[in-house]
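Heads up: the structure comes next, in structure tokens.
Given below as structure tokens:
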């Protein structure tokens, strides 16, 4: 066979009328596709209240009032759904062939707060909702940075979410070091911020922290290496272990290995949403005057 001529794209542009017809056909195909992909109401039970404990693409894990977790599909009409959202959902009924149908999230209640992070495509991407408290974790290792604490405090004030400053790794301090750190923390105590001194290693100071977490949905924020994951492991118990590597001998920073935002229950009461996105919680979206 002889060589075939390569396919070449026409240089002629579509007329306005042709472009309108192309767009109309495209929108019609999208609408038809969405209608076919939506779900039959007969497959689901009665509506119930729940809370999203994790989100996976077009699915979400929803916890019902009795504490049971259900994997659910998400209605296409729901534009945004994140961990911590309070929702109306419906359980799936058993299919004819004996396979249980996933539940479905029908609606999302209004959020009291939402934590966002930068996103290349959308500019801002929500990562967690209905947070009552942001726990700002700092430590003397890799270093005590008041500037970072200040940045998180500004973020908390902007979001109108209550902050709690927690200084971890106090077991590494001698008496002189403890006096110095207390002087630094007095800066915040004297202007009305709560400050707790703890050690995830020795568990010193954990009881007051447990009391501060009870009845709230919290997020732990802070620079890498300050012991956020170790602190959460101590508070949650081994059955909910959140893996983390030790502080690197080279960089002095820890590596957070949590991969998806998830809501955990503390044994003593209260909840925490843990997500790698909290590392990007900062002041990037604020105007300089704020």
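Residue numbers (our numbering): -15 to 274. From the three backbone atoms N, C-alpha and C, an ideal C-beta is built for every residue, glycine too.
Who are residue i's beta bridge partners in DSSP?
i, result
"residue 204", "119"
"residue 181", "151"
"residue 34", "48, 71"
"residue 109", "101"
"residue 39", "44"
"residue 76", "28"
Below 7 Å between beta carbons: does that hold for residue i and residue j?
i, j, result
"residue 68", "residue 257", "yes"
"residue 255", "residue 201", "yes"
"residue 58", "residue 45", "no"
"residue 221", "residue 184", "no"
"residue 56", "residue 108", "no"
"residue 97", "residue 115", "yes"
"residue 187", "residue 132", "no"
"residue 164", "residue 197", "no"
"residue 86", "residue 27", "no"
"residue 47", "residue 34", "yes"
Output the boundary residues of the beta strand (DSSP E) element that contains residue i.
i, result
"residue 246", "246 to 249"
"residue 192", "Taken as a continuous stretch (DSSP letters only), residue 192 belongs to no beta strand (DSSP E), being part of the alpha helix (DSSP H) at 190 to 197."
"residue 54", "53 to 58"
"residue 148", "146 to 152"
"residue 90", "87 to 92"
Reducing DSSP to helix, strand and coil, say where residue i ends up.
i, result
"residue 97", "coil"
"residue 19", "Note that residue 19 has pLDDT 44, beneath the 50 cutoff, so the model's placement of it is unreliable and no number is given."
"residue 103", "strand"
"residue 114", "coil"
"residue 242", "The predicted position of residue 242 is uncertain, since its pLDDT is 45 and thus under 50; a value taken from the coordinates is nonetheless stated next. Note: residue 242 maps to coil in three-state DSSP."
"residue 26", "helix"
"residue 233", "Since pLDDT at residue 233 reaches only 39, below the 50 mark, its modelled position is unreliable, and the value read off the structure follows with that caveat. Residue state, collapsed to three classes: coil."
"residue 176", "coil"
"residue 156", "helix"
"residue 124", "coil"
Terminal residues of the continuous alpha helix (DSSP H) containing residue i?
i, result
"residue 49", "Note, residue 49: premise wrong, no alpha helix (DSSP H); not H, not E."
"residue 255", "Per DSSP, residue 255 belongs to no alpha helix (DSSP H); it is in the beta strand (DSSP E), 255 to 258."
"residue 173", "159 to 173"
"residue 133", "130 to 143"
"residue 214", "212 to 220"
List the whole-angstrom C-beta distance separating residue i from residue j, where the pair is believed to meet the contact cut-off of C-beta under 8 Å.
i, j, result
"residue 121", "residue 205", "7 Å"
"residue 162", "residue 175", "With 8 Å as the limit, residue 162 and residue 175 do not qualify as a contact, their Cβ atoms being about 21 Å apart."
"residue 102", "residue 64", "About 16 Å separates the two Cβ atoms, so there is no contact after all."
"residue 149", "residue 179", "5 Å"
"residue 74", "residue 93", "Between residue 93 and residue 74 the Cβ distance is about 15 Å, and since that is not below 8 Å, they are no contact."
"residue 66", "residue 112", "6 Å"
"residue 310", "residue 169", "Limits of the chain in this structure are -15 at one end and 274 at the other, which puts residue 310 out of reach."
"residue 137", "residue 126", "Incorrect: roughly 20 Å between the Cβ atoms, too far for contact."
"residue 219", "residue 190", "7 Å"
"residue 275", "residue 95", "What is shown of the chain runs -15 to 274, which leaves residue 275 out entirely."
Less than 6 Å separating the Cβ of residue i from some heavy atom of the ligand PLP?
i, result
"residue 215", "With respect to small molecules bound, the structure shown includes none, and the ligand PLP cannot be examined in it."
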